[in-house]
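S.K.: If you read the sequence shown in my numbering, its first letter stands for residue 211, the second for the next number, and so on.
All C-beta atoms in this analysis are idealised placements derived from N, C-alpha and C, irrespective of residue type, glycine included.
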Amino acid sequence: MAGCQHATKKISQDNQLTLIAINDVYRIAGINQGKTGGLARVRALRKQSETESDHVLLLHAGDFLHPSFNSKQDNGVAMIQAMNFLDGTADEFDADMLVTFGNHEFDKGDLKHVPLMNDLLNRSEFTWLDSNIKWTADGVQSNHLKPYILKQYGPYQVGVFSVTTDMAHPEYIDTFDSYRQTAARYVPMLRRAGADFVIALTHQTMPDDLAMLALPESYRPDIIFGGHEHFAQAETVNNRWVLKADADAASAVVVQVDLSQPKAALLPQVVPLADNIEPDTDTLALVKSLNENIEQQYCAKHQAESRCLQQVLGITQTELVAEETTIRRFETNLG
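Put into structure tokens, the structure is as follows:
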């Protein structure tokens with residue numbers, strides 16, 4: 211699959227839905243010194259899509275609060291502030307943005323961290339899905355937390371539920387239902403409620419996603435947008451897609467769905483977000499401001515110059531490959 215060239219003619223039919231999905235975003239400015247990925251390019255892609263289609267839904271398949279240099283300084287606040295701006299405003303709730311929890315959302319996993327988690331969720335101007343999570347009585351609570359969503363697009367309805375891996379088990383979660391239990395509960399329920407198209411937003415391994423699409427027909431979602439592995443993937447089981455983008459928004463998955471023909475073949479695209487996408491200027495300014503504030507606080511804390519993180523320590527004749535999305539998969543020349 212390759213990057214797409216968007217048409218300029220706007221689709222106005224109520225049956226047309228554009229889905230944009232990202233996952234595993236840790237650096238709001240992207241990678242490669244900001245030349246690749248980042249939330250300003252996600253905003254630009256969404257903005258472009260909204261000029262071409264009346265119905266656009268943005269999905270994030272988990273892992274963004276932690277771990278990163280920024281989150282070590284502010285516990286994820288800057289990330290929430292940047293994500294809140296993906297609709298172009300900083301003070302309005304975004305009904306067309308849904309996220310789920312990844313395992314790294316629970317890096318702050320002690321009971322003492324519940325107030326922090328509640329604060330981050332309440333600061334969020336988007337919906338969090340927790341379909342397979344059973345919180346403890348004194349666990350996370352927020353009006354922005356939902357077990358599922360049923361959205362209306364013209365005469366059609368789209369249902370979305372989530373599955374989060376249990377590889378991280380914080381003290382404030384009692385249990386995680388399996389992907390099988392979760393699909394068996396929510397897919398039939400959403401169908402009965404009138405959903406013409408059912409989406410699973412997952413943060414689990416690809417084998418589990420594929421197994422989810424091998425469940426009995428009545429339990430299968432129509433498509434899975436996932437995260438966790440950090441590199442773009444596209445697989446099909448029973449003629450239904452599992453799709454994942456590259457980490458840090460180095461790419462995004464874009465799918466056009468005709469809701470009047472939900473069983474029609476879909477042609478998903480993995481869209482690279484690099485020099486082919488000009489970053490949204492307002493989002494870029496916000497990201498720059500947030501990063502500069504964090505740098506100033508860090509440098510002051512360590513009694514260093516105000517731009518201490520910009521100091522050049524040395525120059526190599528050979529480019530050393532140290533990007534996390536690469537070194538977690540195989541040894542590079544830096545190793």
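Going by beta carbon distance, what residues of the same chain come within less than 7 Å of D317, once the five residues before and after it are set aside?
M.R.: H276 and P277
S.K.: Just the C-alpha distance for P380 and Q223, rounded to the nearest angstrom, thanks.
M.R.: 44 Å
S.K.: Using a threshold of 7 Å, state whether the C-beta atoms of A288 and N233 are closer than that.
M.R.: Judged by their CB atoms, A288 and N233 are not nearer to each other than the 7 Å cut-off.
S.K.: From the DSSP output, which residues share a beta bridge with F386?
M.R.: I343
S.K.: Quick one: using the 10 Å Cβ neighbour count with 16 as the cut-off for buried, is D419 buried or exposed?
M.R.: buried
S.K.: How about A405 and Q367: are their beta carbons less than 7 Å apart?
M.R.: yes
S.K.: Pull up the distance between the alpha-carbon of I487 and that of A459, whole angstroms please.
M.R.: Roughly 12 Å separates the two Cα atoms.
S.K.: Any idea what DSSP makes of I434, helix, strand or coil?
M.R.: The three-state reading of DSSP puts I434 in strand, counting E and B together.
S.K.: What three-state label does DSSP hand D329 in the structure shown?
M.R.: helix
S.K.: State yes or no: is the C-beta of I230 within less than 7 Å of the C-beta of R253?
M.R.: No, the pair does not count as a contact, with Cβ atoms beyond the cut-off.
S.K.: Pull up the DSSP beta-bridge partners for D482, would you.
M.R.: It is Pro, not Asp, that sits at residue 482 in the sequence shown. Within the DSSP bridge table, the entry for P482 names S461 as partners.
S.K.: Using only the alpha-carbon positions, how far apart do F279 and T526 sit?
M.R.: 23 Å
S.K.: For the 8 Å Cβ check, are there 3 or more pairs between the region 302-310 and the region 237-244?
M.R.: Result no; under three Cβ-Cβ pairs closer than 8 Å.
S.K.: Determine the DSSP secondary structure at Q223, reduced to helix, strand or coil.
M.R.: coil
S.K.: Grab me the residues of L519's own chain with a C-beta within less than 8 Å of its C-beta, minus the 5 sequence neighbours each way, in chain order.
M.R.: E505, Y508 and C509
S.K.: Quick one: grab the DSSP three-state call for R256.
M.R.: helix
S.K.: Return the first residue and the last residue of the alpha helix (DSSP H) that K361 is part of.
M.R.: That residue, K361, is in no alpha helix (DSSP H); its beta strand (DSSP E) goes Y358 to Y363.
S.K.: Enumerate in chain order the residues of its own chain whose CB-to-CB distance from G545 is below 8 Å, with the five nearest sequence positions on each side excluded.
M.R.: Exclusion of the five residues before and after G545 leaves I537 as the residues of its chain whose Cβ lies within less than 8 Å of its Cβ.
S.K.: From V531 to N242, what does the alpha carbon distance come to, in whole angstroms?
M.R.: 10 Å
S.K.: In angstroms, rounded to a whole number, what distance separates the CA positions of Y396 and Y358?
M.R.: C-alpha separation (whole angstroms): 8 Å.
S.K.: Do H354 and T375 have their CB atoms nearer than 7 Å?
M.R.: Remark: C-beta atoms of H354 and T375 do not approach each other more closely than 7 Å.
S.K.: Are the CB atoms of A484 and T299 nearer to each other than 7 Å?
M.R.: Against a cut-off of 7 Å, the Cβ pair of T299 and A484 comes out as no contact.
S.K.: Near R517, what residues of its chain come up, given a Cβ to Cβ distance below 6 Å and the 5 sequence neighbours on each side ignored?
M.R.: Excluding the 5 residues flanking it on each side, R517 has no same chain C-beta neighbour closer than 6 Å.
S.K.: Drop a sphere of 10 angstroms on the beta-carbon of L321, count the other beta-carbons inside from all chains shown, and report buried for 16 or more, exposed for fewer.
M.R.: With fewer than 16 Cβ atoms within 10 Å of its Cβ, L321 is classed as exposed.
S.K.: Determine the direct distance from the alpha carbon of G436 to that of D273, and round the result to whole angstroms.
M.R.: 11 Å
S.K.: Could you check how far apart the C-beta atoms of L453 and V467 are, in whole angstroms? I think they sit under 8 Å.
M.R.: So it is not a contact: roughly 12 Å between Cβ atoms.
S.K.: Could you name the residues of the same chain whose beta carbon sits closer than 6 Å to that of V447, not counting the 5 residues immediately before and after it, in chain order?
M.R.: L420, L423 and A424
S.K.: Once you ignore the five residues that flank G319 on each side, which residues in its own chain have a CB closer than 8 Å to its CB?
M.R.: A378, H379, P380, E381 and Y382
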